[in-house]
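Whatever position you read off the sequence shown (first residue = 1), add 678 for our numbering.
What follows is a single structure, written as structure tokens, with notes after it.
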Amino acid sequence: MTSERKMSHLEICRDREVGSKEKSTHLGDVELVHNALPELDFEDMDLSVRVFGKTLSVPVVISAMTGGHPETKKVNANLAKAAKDLGIGMCVGSQRAALENPRLEDSFRVVRKVSSDILVVANMGATQLLSPKVVDSAERAIEMIDADALAVHLNPLQELVQPGGDTRYKGVLSGLSRLAASIKKPIIVKETGCGMSREAAERLVGAGVSAIDVAGAGGTSWAAVEYYNAKLQGDSMKAEVAETLWDWGIPTAMSLCEVSSLGSKVKILASGGIGSGLDMARSIALGADLVGVARPLLIPAFTSPKAVESKLNRMIRELKVASLLTGSRTVKELKTAPVFLKGELLNWVTQRGLGVRSNARG
Ligand SMILES: Cc1cc2nc3c(=O)[nH]c(=O)nc-3n(C[C@H](O)[C@H](O)[C@H](O)COP(=O)(O)O)c2cc1C
């Protein structure tokens, strides 16, 4: 059941329009201030980072997408090969199906096999935190792919509009605290396209998580995915609710301002609608330590590792060019590059009292 649903989600994301309709990431409201005198050679750019015990050539990860159905093995293998060749990180999709049925483990194990020693992140869902076996499940998920970190995804909107979705969310925070105290690997808590508020992030920090992936609105909409899913299953009520909430969520740029306003208590991952290296550079300038891309890599991942690499290579080049044009040779410098916030992002930051980024270089 979990396995079939995973495949259906993958096909919907590949074949249908599941992006935000009206909402954007608002990363376009971030102007990186051009530096006409960067005094840098492109060849000297070094955007490498060390995170969760691994070194990445650039601060980029492939966000969680798949595994858990025999047909997803090839997709994961293609993504893993591209990640290895580019020296970036890779997150697998929810491992729940393989925890329920060990014959599906192969579709995840392939990632570590192909990618050898890159940063690999395991994945489980918030609702699994409510099980008394949560620590055991988390350890098995980590062991399955020799993961360097574990991501726990929060997806209340998706579950609420999914036919047969889980509606119990009470106890997730205490489950996270228990998990953080019990497992040795760092825990990343991520949304799945609805973003993260300062208040939620504050409680996650209190629970002892190591990183927050904002996975903001403006990219893939899981209400949209479930809209198609509900239609396929003839659940017209769920389909209508999903359609109404299609664009729900905190846009990625706003989410980054929300979470980074807490200071550097946790690592921050930017994802949700990242479509270019310029979006990556803007996200880092808003405080992200790493940037994740999911659905834009899905169609290439059905084709070949080269197709995934070519998409990512363009983004990485754009990231480096944008970084140089702000006079930033390293990620540390890009994080303090001067920015000009405008439009709705500036309104959001002002109304929410988040303060415009104070650590910018002059
Ligand atoms: C086909 C597909 C499957 C996904 N499955 C998972 C999953 O199993 N676990 C998870 O944490 N996120 C999952 N996501 C969410 C992504 O990791 C990401 O947070 C979200 O899609 C926003 O990024 P994007 O706009 O670049 O697609 C999935 C996304 C896609 C497109």
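Think of the CB as a built atom: it goes at the ideal place given N, C-alpha and C, for glycine as much as any other residue.
Everything numeric in this text was worked out from a predicted model, so none of it was measured.
Is it buried or exposed for HIS712, if we count other Cβ within 10 angstroms and need 16 for buried?
-> Locating residue 712 in the sequence shown gives position 34, where the first residue counts as 1. HIS712 is exposed by the Cβ-count criterion.
Inter-stretch contact (C-beta, 8 Å, three-pair minimum) for the segment 907 to 917 and the segment 928 to 938 | no
Under 7 Å Cβ to Cβ from MET723, same chain only, skipping five residues before and after it: list those, please.
-> As a working note, residue 723 is residue 45 in the sequence shown. Answer for MET723: LYS998, SER1001, LEU1002, ARG1007, listed in chain order.
Which residues DSSP lists as bridging LYS733, in chain order | Locating residue 733 in the sequence shown gives position 55, where the first residue counts as 1. For the sequence presented, residue 733 should be read as Thr rather than Lys. Note: THR733 sits in a beta bridge opposite ARG728.
Cβ-Cβ distance between VAL812 and LEU782 below 8 Å = Taking the sequence shown and counting its residues from 1, one reaches residue 812 at position 134. Taking the sequence shown and counting its residues from 1, one reaches residue 782 at position 104. The answer is no: Cβ separation not under 8 Å.
DSSP three-state call for ASN801: helix, strand or coil?
-> For the purposes of this step, residue 801 is identified with residue 123 of the sequence shown, where counting begins at 1. Residue state, collapsed to three classes: strand.
May I ask whether a heavy atom of ligand 1 can be found less than 7 Å away from the beta carbon of SER949?
-> The count along the sequence shown starts at 1 and reaches residue 949 at position 271. It does: the Cβ of SER949 is within 7 Å (strictly closer) of some heavy atom of ligand 1.
Do the segment 697 to 715 and the segment 887 to 897 meet, that is, are 3 or more Cβ pairs less than 8 Å apart?
-> yes
Quick one: is the Cβ of LYS868 within less than 7 Å of any heavy atom of ligand 1?
-> For the purposes of this step, residue 868 is identified with residue 190 of the sequence shown, where counting begins at 1. At least one heavy atom of ligand 1 is nearer than 7 Å to the Cβ of LYS868, so yes.
So PHE720 is in the beta strand (DSSP E); what residue range does that whole segment cover?
-> If you number the sequence shown from 1, residue 720 lands on position 42. Run containing PHE720: none; DSSP gives neither H nor E here.
Roughly how many angstroms lie between the CA atoms of SER772 and GLY1031, to the nearest whole one?
-> For this step, residue 772 is matched to residue 94 along the sequence shown. For this step, residue 1031 is matched to residue 353 along the sequence shown. Going by the C-alpha atoms only, they are around 35 Å apart.
Candidates GLU869, PRO929, ALA761, ALA878: closest to SER735 by CA position = Against the sequence shown, residue 735 aligns to sequence position 57. Taking only the C-alpha atoms, the option nearest SER735 is ALA761.
Could you give the distance in angstroms between the alpha-carbon of THR680 and the alpha-carbon of VAL867?
-> Counted from its first residue, the sequence shown places residue 680 at position 2. Counted from its first residue, the sequence shown places residue 867 at position 189. Near 21 Å, if we compare the C-alpha coordinates of VAL867 and THR680.
Rounded to the nearest angstrom, how far is the Cβ of ALA948 from that of VAL969, given a contact under 8 Å?
-> Taking the first residue of the sequence shown as position 1, residue 948 is located at position 270. Taking the first residue of the sequence shown as position 1, residue 969 is located at position 291. Correct: roughly 5 Å between the Cβ atoms.
At a cut-off of 7 Å, is HIS687 close to ligand 1 when judged by its beta-carbon and the heavy atoms of the ligand?
-> In the sequence shown, counting from the first residue as 1, residue 687 sits at position 9. Answer for HIS687: yes, Cβ within range of ligand 1.
Please report the residue range of the beta strand (DSSP E) in which GLU709 lies.
-> Numbered from its first residue, the sequence shown carries residue 709 at position 31. It spans 708 to 710 - the beta strand (DSSP E) in which GLU709 sits, taken as one unbroken run.
Is the distance from the Cβ of VAL1017 to the Cβ of ALA963 below 8 Å?
-> Taking the sequence shown and counting its residues from 1, the one referred to as residue 1017 is at position 339. Taking the sequence shown and counting its residues from 1, the one referred to as residue 963 is at position 285. Yes, the Cβ-Cβ distance between VAL1017 and ALA963 is below 8 Å.
Using 7 Å as the cut-off, classify the Cβ of PRO780 as near or not near the heavy atoms of ligand 1, replying yes or no.
-> For the purposes of this step, residue 780 is identified with residue 102 of the sequence shown, where counting begins at 1. Flag unset: Cβ of PRO780 not near ligand 1.
Specify the secondary structure class of LEU947 as computed by DSSP and reduced to three states.
-> Within the sequence shown, numbered from 1, the residue matching residue 947 stands at position 269. Three-state DSSP puts LEU947 in a strand.
Is HIS704 near ligand 1, going by C-beta to nearest heavy atom under 7 Å?
-> Taking the first residue of the sequence shown as 1, we reach residue 704 at position 26. False, no ligand heavy atom lies under 7 Å from that Cβ.
Roughly how many angstroms separate the alpha carbons of CYS691 and ALA819, rounded to a whole number?
-> Start at 1 with the first residue of the sequence shown, and residue 691 comes out as number 13. Start at 1 with the first residue of the sequence shown, and residue 819 comes out as number 141. Going from the Cα of CYS691 to the Cα of ALA819 covers about 24 Å.
Run the proximity test for GLN836: is its beta-carbon closer than 7 Å to any non-hydrogen atom belonging to ligand 3?
-> Absent from the structure shown: ligand 3. Ligands present: ligand 1.
Along the chain, where does the beta strand (DSSP E) that runs through GLY955 open and close?
-> Within the sequence shown, residue 955 is the residue found at index 277, counting from 1. Where GLY955 is concerned, there is no enclosing beta strand (DSSP E), although the alpha helix (DSSP H) it sits in stretches over 955 to 963.
Distance, ASN801 Cα to GLU721 Cα | Here residue 721 refers to the residue found at position 43 of the sequence shown. Here residue 801 refers to the residue found at position 123 of the sequence shown. Each residue's Cα considered, the two are about 36 Å apart.
Selection from GLU904, LEU923, VAL798, ASN833 that minimises the alpha carbon distance to PRO864 | Along the sequence shown, one-based indexing puts residue 864 at 186. Nearest of GLU904, LEU923, VAL798, ASN833 to PRO864, Cα basis: VAL798.
Select from LYS752, PRO780, LYS732 the residue whose C-alpha is nearest the C-alpha of ILE766.
-> Taking the sequence shown and counting its residues from 1, one reaches residue 766 at position 88. Answer by Cα proximity: LYS732.
Using a C-beta cutoff of 8 Å, does GLY1031 count as contacting chain D?
-> Although the question refers to chain D, the structure presented lacks it and comprises just one protein chain.
Please report how far the alpha carbon of VAL883 lies from the alpha carbon of ARG787, in whole angstroms.
-> As a first step, residue 883 must be located in the sequence shown, where it is residue number 205. As a first step, residue 787 must be located in the sequence shown, where it is residue number 109. One C-alpha to the other measures close to 30 Å.
Burial state of LEU910, where buried means 16 or more other Cβ atoms lie within 10 Å | The sequence position of residue 910 within the sequence shown is 232, counting from 1. Classification for LEU910: exposed.
Going by the beta-carbon positions, is the gap between GLY927 and ILE946 smaller than 8 Å?
-> If you number the sequence shown from 1, residue 927 lands on position 249. If you number the sequence shown from 1, residue 946 lands on position 268. Contact flag unset, no.
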